[in-house]
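Heads up, our numbering is the position in the sequence shown plus 1, with the first residue counted as 1.
Below is one structure, written out as structure tokens; the observations come after it.
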Amino acid sequence: MSLSFDLMDLETLTSNAKQIQDDVLKGILTLNAHTGYLKRFLHGSFDKELFKKNVPVSYDDVEPYIERVANGEPSDVISGNPITAFFQSPGTSGGKHKIFPMNSKFFENMLQYKALLSPFLSRYVDGAKQEKEMKISFCRPLSKTPSGLPVSGVLSSFLTRNYFKNQSSKLYTSPHDVTLCPDNKQSMYCHLLCGLVQRHEVTCISAYFASTLAHAINFLETHWKELEWITDRSCRDSYIPTLDFYSNQLPIFSMVYASSETIFGINVDLLCKPQDVSYTCLPNMSYFEFIQVDEENKDEIVDLMNVKLGYYYELLVTNYFGLHRYKVGDTLQVTGFYNNAPQFDSYTEITTEERLLKALNHAILVLEASNLMLMGSTCYADLYE
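Following this line, the structure appears as structure tokens:
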């Protein structure tokens, strides 16, 4: 499957965000209104207001239906289209592992967002389409449900698909077998070695998570002697100082905000600092709602088009493959608008991490004044306070 977009396609999407969101919800309800789950609340209706009034936002409500499909019941318990696999959440947002139904629509959305990003990347990176990317990625073993459907993380599922296999040698420095290697240390070594061998063809170094790049740097610090025969000179805030230090002032891009449930938005200002990134919502990916989190209007739910600048919201997602009004677990702040589409900054719901980073950054400034460098840190919960 090949997709091609230019900058005008994003202009069209964001300018018509309201109509596209209405069409997305209509399409999802037309497809799924007669499923076992939605029939409880909609009684076969496609009405938007009935959907917003009756369908709950808790994973606990839909979990038994997901389990039924995982255990062998037909897909139409939760989805009008066949469920082909399940994603397992990493537990970074909601605090525990969950499984989510998936079908081919998710991968169509992944290809769409990558195609939408391509013209922005070409604008800022010379040779982005012609040369290679050193992409550091890993696969985890797939498990199966009692019904035999595969269960994996989003990336492992994507990286084992034929599309990625067929593109791997053309676009990336590492052969596909390196990504599939079950030993992460061996895989990391080979990623770095392949990148060094093809260093004159590399336009960027990338990973799906900022933490992966930080781990690659730590691995290189530990094992650089084993590579020295060939030497030649999305993002989370906690890894940015490490990436800044080693990037030698090269641009660091945080390109997309995505999760196991949906692809939410892309960064259209790739040259901004990772700390300042805002993601422009892609209204065609899923149907989005937002729970206002301020005390005065706590628990009020609004559509994408009714969010307000500067306000904080929890994200609800209704997608094409069986999740309806699912609370993702991240808190978003509205930072602006791109045409009619809101732009958001993402905050995890655990705010203590931000305070910890501020304290750590203050300590770094104190150490730098004494010509010292902080090489690592740790923390623990003081249960006696």
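The beta carbon of each residue, even a glycine, is placed where N, CA and C say it ideally should be.
All values reported here derive from a predicted model rather than from experimental measurement.
Between the beta-carbon of C205 and that of E315 there is about 33 Å, and that puts the pair past the 8 Å contact cut. For D178 and E64, the gap between their C-alpha atoms comes out near 35 Å. When the Cα atoms are used, N55 and M189 turn out to be separated by approximately 48 Å. For N33, same chain residues with a beta-carbon under 7 Å away, outside a window of 5 residues either side, are L39, S80, G81 in chain order. In summary, S59 is exposed, with fewer than 16 beta-carbon neighbours lying within 10 Å of its beta-carbon over all protein chains present. Listed as beta-bridge partners of M103 by DSSP are A86. Here Y173 is bridged, per DSSP, to E134.
Judged by their CB atoms, S261 and F88 are nearer to each other than the 7 Å cut-off. For A342, DSSP records a beta bridge to Y339. DSSP places A217 inside the alpha helix (DSSP H), whose first and last residues are 211 to 224. DSSP places E109 in the helix class (H, G or I) of the three-state scheme. Residue pairing for V318: DSSP places it in a beta bridge opposite F289, Y327.
When Cβ pairs closer than 8 Å are counted between the two stretches, the region 43 to 50 is seen not to touch the region 66 to 76, the count staying below three. In the three-state reduction of the DSSP assignment, I267 falls in the strand class, which pools E and B. Under a 10 Å Cβ-count criterion, K171 is classified as exposed, with fewer than 16 other Cβ atoms of the shown protein chains found around its own Cβ.
For T204, the enclosing beta strand (DSSP E) covers residues 203 to 207. Remark: three or more beta-carbon pairs, one from each stretch, lie closer than 8 Å, so the region 310 to 328 and the region 20 to 36 are flagged as touching. Taking a 10 Å sphere around the C-beta of T13, we find fewer than 16 other C-beta atoms and assign the residue as exposed. Sixteen is the threshold: when 16 or more other Cβ atoms of the shown chains lie within 10 Å of the Cβ of M286, as they do, the residue is buried. T31: member of the alpha helix (DSSP H) spanning 18 to 33, first to last residue. Residues of the same chain with a CB within less than 8 Å of the CB of E132, apart from the 5 flanking positions on each side, are E202, V203, T204 in chain order. Following the DSSP letters along the chain, one finds I67 inside the alpha helix (DSSP H) bounded by residues 60 to 71.
Per the coordinates, the alpha-carbon of Q344 lies some 10 Å from the alpha-carbon of T15.
One Cα belongs to E109, the other to M103, and the distance between them is close to 12 Å. Per the DSSP secondary-structure output, C282 pairs in a beta bridge with G266. Residue environment: G266 is assigned as buried (16 or more neighbouring CB atoms within 10 Å of its CB, all protein chains considered).
For A259, the secondary structure class from DSSP, reduced to helix, strand or coil, is strand. Put simply, the backbone Cα of F121 is about 27 Å away from that of V329. L375 and D346 have their C-alpha atoms some 28 Å from each other.
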